[in-house]
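Trainee: The listed protein sequences correspond, in order, to chains Z and V.
Add 176 to a position in the first sequence, counting from 1, and you land on the number used in the numbering used here.
Add 279 to a position in the second sequence, counting from 1, and you land on the number used in the numbering used here.
Attaching a single structure in structure tokens format; questions to follow.
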Amino acid sequence: MSLMSLTAVELGKKIKAGEVTVKEAVEAAIAQIEKTENRLNCYVTVDKEGALKKAEEVQKLIDNGSLTGPLAGVPVAVKDNMCTKDLLTTCSSKILGNFVPTYTAEAVVNLEKAGAVILGKTNMDEFAMGSTTETSAYGETKNPWNVNHVPGGSSGGSCAAVAAEECSYALGSDTGGSIRQPSSFCGVTGIKPTYGTVSRYGLIAYGSSLDQIGPVAKDVTDCATILEVIASYDEKDSTSVKREDYDFTSCLVDDVKGLKIGIPKAYFGEGLEPEVKKVILDAAKVLEEKGAIVEEFDLGLADYAIPAYYVIAAAEASSNLSRFDGVKYGYRTEDYEGLHNMYKKTRSEGFGAEVKRRIMLGSFVLSSGYYDAYYLKALRTKALIKEEFDKAFEKYDVILGPVAPTTAPELGKSLSDPIKMYLGDIYTISVNLAGLPGISVPAGEDSKGLPIGLQFIGDCFQEKKIIRAAYSFEQTRTYKRPGMIEE
Amino acid sequence: MAKQYETVIGLEVHVELATKTKIFCGCSTEFGGAPNTHTCPVCTGMPGSLPVLNKQVVEYAIAVGLATNCSITQYCKFDRKNYFYPDNPQNYQISQLYLPICRNGGVEIDTPAGKKIIGIHEIHMEEDAGKLIHDEWEDCSLVDFNRSGVPLIEIVSEPDMRSAEEVIAYLDKLRLIIQYLGASDCKLNEGSMRADVNLSVREVGAKEFGTRTEMKNLNSFKAIARAIEGERARQIELLEEGKSVTQETRRWDDNKEYSYAMRSKEDAQDYRYFPDPDLVPIMISDEWIARIKAAQPELRTEKLERYKKEFDIPDYDAEILTSSKHMADIFEATTELCKKPKKVSNWLMVETLRLMKENDMEADDLKFSPENLAKLIELVDAGTINSSVAKEVFEEVFKNNIDPDKYVEEKGLKAVNDEGALRATIEKVIADNPQSVEDYHNGKEKAIGFLVGQTMKAMQGKANPGMVNKILKELL
Chain Z
177 MSLMSLTAVE LGKKIKAGEV TVKEAVEAAI AQIEKTENRL NCYVTVDKEG ALKKAEEVQK
237 LIDNGSLTGP LAGVPVAVKD NMCTKDLLTT CSSKILGNFV PTYTAEAVVN LEKAGAVILG
297 KTNMDEFAMG STTETSAYGE TKNPWNVNHV PGGSSGGSCA AVAAEECSYA LGSDTGGSIR
357 QPSSFCGVTG IKPTYGTVSR YGLIAYGSSL DQIGPVAKDV TDCATILEVI ASYDEKDSTS
417 VKREDYDFTS CLVDDVKGLK IGIPKAYFGE GLEPEVKKVI LDAAKVLEEK GAIVEEFDLG
477 LADYAIPAYY VIAAAEASSN LSRFDGVKYG YRTEDYEGLH NMYKKTRSEG FGAEVKRRIM
537 LGSFVLSSGY YDAYYLKALR TKALIKEEFD KAFEKYDVIL GPVAPTTAPE LGKSLSDPIK
597 MYLGDIYTIS VNLAGLPGIS VPAGEDSKGL PIGLQFIGDC FQEKKIIRAA YSFEQTRTYK
657 RPGMIEE
Chain V
280 MAKQYETVIG LEVHVELATK TKIFCGCSTE FGGAPNTHTC PVCTGMPGSL PVLNKQVVEY
340 AIAVGLATNC SITQYCKFDR KNYFYPDNPQ NYQISQLYLP ICRNGGVEID TPAGKKIIGI
400 HEIHMEEDAG KLIHDEWEDC SLVDFNRSGV PLIEIVSEPD MRSAEEVIAY LDKLRLIIQY
460 LGASDCKLNE GSMRADVNLS VREVGAKEFG TRTEMKNLNS FKAIARAIEG ERARQIELLE
520 EGKSVTQETR RWDDNKEYSY AMRSKEDAQD YRYFPDPDLV PIMISDEWIA RIKAAQPELR
580 TEKLERYKKE FDIPDYDAEI LTSSKHMADI FEATTELCKK PKKVSNWLMV ETLRLMKEND
640 MEADDLKFSP ENLAKLIELV DAGTINSSVA KEVFEEVFKN NIDPDKYVEE KGLKAVNDEG
700 ALRATIEKVI ADNPQSVEDY HNGKEKAIGF LVGQTMKAMQ GKANPGMVNK ILKELL
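What follows is the structure, encoded as structure tokens:
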């Protein structure tokens with residue numbers, strides 16, 4: 177049995193007990209990467225040398241007692257949109273193909289302080305724009321459950337790497353479902369925390385008002401433990417919130433008695449695959465049997481979430497991505513005449529089609545004459561969606577629903593119809609618009625054997641409730657590993 | 280009869296705030312420094328970096344708003360102004376469009392026709408850009424981000440000014456208010472205060488404004504005055520020829536005394552302003568405003584009145600002394616040391632102004648310390664040096680801020696108060712100039728002046744003139 181089949185917390189315990197050295201853990205991860213990476217392409221960069229060097233440093237700190245946390249020495253993979261000092265950070269884009277940051281993202285600094293060993297940077301949709309990890313400039317990542325399917329996105333590399341045990345756990349980022357949807361598609365667990373919980377400093381922005389970093393791991397316990405490490409109040413991020421408590425593990429209790437769970441009717445209508453629907457409703461029954469009070473309700477404005485999201489995210493992205501211009505860092509076109517031509521060629525050559533589409537969309541909705549009709553209206557819709565959730569949370573502790581309407585689509589089937597791809601985000605993006613926490617946990621498989629995830633949504637700062645619900649549900653199942661790693 | 284035209288002018292004034300650190304990061308705002316040394320991921324637009332607002336910027340902006348009678352926007356936000364330029368590392372400038380921090384104010388200026396209020400439309404906060412350096416030798420451009428992120432406020436006036444004189448009076452008023460608040464040193468020549476002039480002309484009596492142009496690159500009050508005259512003439516000439524004025528931005532070349540079109544309204548950019556999602560709204564409480572109001576230092580008008588009352592300084596002198604915060608600071612600090620306000624004022628009003636004029640300097644450029652001026656005044660008062668020597672010593676204080684005590688000692692400039700030595704010298708002067716002595720005795724009072732002069736010459740200027748007079752009269 178490989179060390180990589182352990183959860184992060186289990187591996188951490190063994191390292192702490194001296195049963196396993198950090199070097200052995202890192203070597204096990206590297207061995208697994210060497211075994212499956214050529215079939216999966218989870219990573220943009222694997223930093224073997226750096227990880228082995230770090231393993232030695234961390235081991236010393238564990239041995240002298242200065243590192244005692246649960247994740248000390250446990251190998252981690254970081255999504256390639258978080259800055260890592262001296263380590264290539266590409267956002268899976270050609271335009272940052274040579275970009276080596278001068279500083280490390282705050283969430284990653286928090287991990288490093290806890291003794292994490294970074295194995296490398298995971299593949300993603302270019303600038304986190306996409307739902308399949310196919311828009312990466314460095315090739316698509318494949319789903320470990322079936323390599324003819326996508327892993328989801330945009331944190332597809334992180335989720336596939338966790339499922340394939342090419343790392344013990346990973347960091348992802350979620351702007352419109354980018355942690356929860358690939359977690360669902362890859363059969364792993366992921367949390368999108370309340371906006372402001374994890375610092376965005378050093379996270380290369382896509383939609384600044386929606387982006388949140390979160391954990392991806394094999395189980396709820398790992399995710400809660402990782403969140404406890406990465407969450408912090410950071411003065412360098414003005415949108416960072418000083419929370420009353422950063423304890424996410426004390427709620428790892430198998431008890432949902434009396435927990436009020438709301439199921440939005442709108443989430444079970446047209447477009448939801450029957451197999452997914454059945455798994456989610458079965459899960460609701462399981463929770464009811466465990467003592468939860470489950471009730472259907474009307475969540476208003478659900479249909480407006482997608483248009484509002486794509487207007488806001490694209491608008492922010494069009495501005496956030498303007499700094500990639502060939503002047504200061506990253507890719508610059510070879511031949512050009514003058515400044516304007518340099519900008520134009522650099523950006524035409526450096527960005528992929530989906531990124532260009534969203535930059536154009538965003539520039540359009542912010543243009544004078546259209547601002548009120550699109551951007552301002554989208555902001556108002558966002559506020560109204562938040563109000564709808566506020567109303568729901570007056571009645572319910574958590575909301576339960578699907579993560580995505582389908583299981584992982586086949587490779588190459590999604591990008592040709594972007595609108596259809598955008599519609600796949602229907603259950604995840606309102607959570608980002610309202611700034612809420614959400615968790616995706618494995619709940620079953622479809623007839624093809626592809627994983628189906630279940631989503632719990634909580635009110636702002638109520639991570640403990642969704643963690644407890646997810647943990648309790650998780651106790652009714654056993655964790656399943658994709659077949660390919662057993663080979 | 281030729282048509283009569285009226286000039287309509289509004290100003291956009293950028294003021295660099297005197298904070299120690301930049302508006303959105305902890306980098307130093309100090310002027311100079313090797314290129315790109317006062318920089319960090321935030322002010323160089325590194326991926327993933329985030330802005331954090333410097334509270335002092337808000338406080339200065341509120342202070343300026345209060346001193347210019349604006350209402351403070353108690354829920355205000357920053358917006359992004361999107362445009363591509365290499366000196367702008369993010370390719371957007373963080374500024375304010377929708378909810379600027381101050382609105383609807385105004386300041387009073389003096390005009391030949393009496394007092395007049397110039398309205399202030401708004402004041403907003405924003406970040407400065409970096410500096411491009413074009414290397415023609417290497418045929419490339421380099422960018423220095425030291426200035427990137429230095430805090431600015433932009434003060435937008437209403438189109439209330441009608442002449443270059445009113446514009447200068449308005450700018451001078453703003454400069455003094457802001458200097459006295461300590462919010463900026465407001466030096467036009469160093470760029471810490473910059474003014475863009477929006478100007479149009481219309482026939483006297485017309486109700487509608489004419490088409491305006493915006494003039495940039497105005498680095499001194501004189502350049503502003505010349506640019507206004509030049510642009511007024513250019514627009515009138517166009518209208519007289521039956522042509523129309525194009526709405527455009529023009530760049531003033533003060534050497535050629537002509538402006539060039541930079542860009543017209545047609546190719547004006549759409550800046551796609553939207554609220555910056557990286558910054559949270561600023562909530563300004565009544566208490567915060569009250570605290571800033573209470574901490575407001577004495578402004579120019581109050582100081583001027585106080586000088587007249589407390590020190591009995593005449594109107595004109597008080598005007599000059601308070602015409603620069605720096606000058607007023609020197610006056611007060613020197614007075615504090617020597618307790619002789621009239622004498623301090625006298626040194627500043629006469630010798631200082633003369634030397635400033637000779638050296639083409641502004642009051643803000645004065646380098647000497649109040650300590651040294653106070654010492655000089657003491658030396659004169661104690662009769663240690665006479666007034667002509669004092670002027671000579673002051674020139675050294677003015678230029679090199681020397682210590683007058685040491686200087687007088689080292690150069691041997693002390694007045695000779697030894698009666699015996701003086702008497703001997705004067706006896707010799709009388710013996711050598713019998714003609715003058717005779718003239719004096721014949722009633723020519725002027726002759727004594729010549730004898731005093733001769734005595735001073737013999738004493739190398741160091742004699743106490745009072746004693747010389749006294750002894751001369753005695754001996755004669």
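Backbone N, C-alpha and C fix where the C-beta goes; we use that ideal spot for every residue, glycine too.
Note that this is a predicted model, so its numbers are computed, not measured.
Assuming Z/Ile191 contacts Z/Val250 under a Cβ cut-off of 8 Å, what Cβ separation, rounded to an integer in Å, is found between them?
Mentor: That belief holds up - the Cβ atoms of Z/Ile191 and Z/Val250 are roughly 7 Å apart, short of 8 Å.
Trainee: Just the chain Z side, please: which residues come within less than 9 Å of V/Val559 by C-beta, in chain order?
Mentor: Result: Ser414 and Thr415.
Trainee: Starting from the beta carbon of Z/Thr278, find every residue of chain V whose beta carbon is closer than 8 Å, and list them in chain order.
Mentor: What Z/Thr278 touches in chain V: Pro320 and Met325.
Trainee: For V/Tyr586, name the three-state secondary structure that DSSP assigns.
Mentor: If DSSP states are grouped into helix, strand and coil, V/Tyr586 belongs with the helices.
Trainee: For V/Lys495, which of V/Arg382, V/Phe488 and V/Ile503 has the nearest alpha-carbon?
Mentor: Out of V/Arg382, V/Phe488 and V/Ile503, V/Ile503 has the C-alpha closest to the C-alpha of V/Lys495.
Trainee: Shortest alpha-carbon distance to V/Leu655 belongs to which of V/Lys636, V/Leu634, V/Lys646 and V/Phe677?
Mentor: When only C-alpha atoms are compared, the closest one is V/Phe677.
Trainee: Nearest-angstrom Cα distance between Z/Glu225 and V/Leu411?
Mentor: Computed Cα separation, rounded: 40 Å.
Trainee: I need the DSSP call for V/His413, collapsed to helix, strand or coil.
Mentor: It is a strand residue.
Trainee: Work out the CA separation of Z/Tyr382 and Z/Leu609 for me, nearest whole Å.
Mentor: Going from the Cα of Z/Leu609 to the Cα of Z/Tyr382 covers about 14 Å.
Trainee: For the beta strand (DSSP E) holding V/Lys495, just list the boundary residues, first then last.
Mentor: Its beta strand (DSSP E) spans residues Thr492 to Lys495.
Trainee: Anyone know if the C-beta pair for V/Arg530 and V/Tyr539 falls short of 8 Å?
Mentor: Contact: yes.
Trainee: Under DSSP, the alpha helix (DSSP H) around V/Asn625 begins and ends at which residues?
Mentor: V/Asn625 -> alpha helix (DSSP H) spans Pro620 to Asn625.
Trainee: So the candidates are Z/Ser385, Z/Leu428, Z/Asn274 and Z/Lys211; which of them puts its Cα closest to the Cα of Z/Asp398?
Mentor: Residue Z/Leu428 is the option with its Cα nearest to Z/Asp398.
Trainee: Hey, is Z/Lys640's beta-carbon within less than 8 Å of any beta-carbon in chain V?
Mentor: No, its Cβ sits nowhere closer than 8 Å to a Cβ of chain V.
Trainee: Note the first and the last residue of the continuous beta strand (DSSP E) segment covering Z/Pro440.
Mentor: It spans Lys436 to Pro440 - the beta strand (DSSP E) in which Z/Pro440 sits, taken as one unbroken run.
Trainee: Which value, in whole angstroms, describes the spacing of the CA atoms of Z/Asn496 and V/Asn468?
Mentor: Roughly 35 Å separates the two Cα atoms.
Trainee: So V/Gln369 is in the alpha helix (DSSP H); what residue range does that whole segment cover?
Mentor: Run containing V/Gln369: none; DSSP gives neither H nor E here.
Trainee: Could you confirm whether any beta carbon from chain Z is found closer than 8 Å to the beta carbon of V/Val331?
Mentor: By this cut-off, V/Val331 is an interface position.
Trainee: Would Z/Lys553 count as contacting chain V if we go by Cβ distances under 8 Å?
Mentor: No, its Cβ sits nowhere closer than 8 Å to a Cβ of chain V.
Trainee: Name the chain V residues that come within less than 9 Å of Z/Asp501, Cβ to Cβ?
Mentor: The contacting residues are Phe363, Pro365 and Asn370.
Trainee: Could you confirm whether any beta carbon from chain Z is found closer than 8 Å to the beta carbon of V/Arg426?
Mentor: It does not: the Cβ of V/Arg426 has no partner Cβ on chain Z nearer than 8 Å.
Trainee: Taking its Cβ as the centre, do 16 or more other Cβ atoms sit within 10 Å of V/Lys749, making it buried, or is it exposed?
Mentor: So V/Lys749 ends up on the exposed side.
Trainee: Buried or exposed: V/Arg542, going by 16 or more other Cβ atoms within 10 Å of its Cβ?
Mentor: Flag for V/Arg542 reads exposed.
Trainee: DSSP puts V/Asp532 in a beta bridge; with which residues?
Mentor: Paired residue(s): V/Tyr537.
Trainee: In terms of DSSP beta bridges, what is V/Glu387 paired with?
Mentor: Note: V/Glu387 sits in a beta bridge opposite V/Ile396.
Trainee: I'd like the span of the beta strand (DSSP E) that includes V/Ala732, first residue to last.
Mentor: Position check: residue 732 of chain V holds Gly in this sequence, whereas Ala was assumed. Premise fails: V/Gly732 lies in the alpha helix (DSSP H), Ala726 to Ala737, not in any beta strand (DSSP E).
Trainee: Just how far apart, CA to CA, sit Z/Pro578 and V/Gly409?
Mentor: Between Z/Pro578 and V/Gly409, the C-alpha separation is close to 49 Å.
Trainee: Based on Cα-Cα distance, which residue from Z/Arg556, Z/Leu542, Z/Ile482 and Z/Ala468 lies nearest to Z/Tyr598?
Mentor: Closest by alpha carbon: Z/Ile482.
Trainee: When Cβ atoms are compared, which residues of the region 477 to 503 of chain Z fall closer than 7 Å to chain V?
Mentor: Flagged, chain order: Ala491, Glu492, Ser495, Ser498, Arg499, Asp501 and Val503.
Trainee: At which residues does the beta strand (DSSP E) containing Z/Thr365 begin and terminate?
Mentor: Counting along the chain, the beta strand (DSSP E) containing Z/Thr365 begins and ends at Thr365 to Lys368.
Trainee: Would you please verify whether the beta carbon of V/Pro556 is less than 8 Å from any beta carbon of chain Z?
Mentor: Closer than 8 Å: yes.
Trainee: Check the Cβ-Cβ distances between Z/Tyr550 and every residue of chain V, and say whether any is below 8 Å.
Mentor: No, Z/Tyr550 lies away from the interface with chain V (no Cβ there is under 8 Å from its Cβ).
Trainee: Between V/Gly740 and V/Val687, how many whole angstroms is the CB-CB distance? I'm expecting something under 8 Å.
Mentor: Between V/Val687 and V/Gly740 the Cβ distance is about 13 Å, and since that is not below 8 Å, they are no contact.
Trainee: Would you mind sorting V/Pro391 into buried or exposed? The rule is 16 or more other CB atoms within 10 Å of its CB.
Mentor: V/Pro391 should be labelled exposed.
Trainee: Compile a chain-ordered list of the residues in the region 344 to 362 of chain V whose CB is closer than 8 Å to at least one CB of chain Z.
Mentor: Those residues of the region 344 to 362 of chain V that come within reach of chain Z (Cβ to Cβ, closer than 8 Å) are Arg359 and Asn361.
Trainee: What residues from chain V crowd round Z/Ser606, counting only those whose CB sits closer than 9 Å?
Mentor: Chain V residues near Z/Ser606: none, gap ~18 Å exceeds 9 Å.
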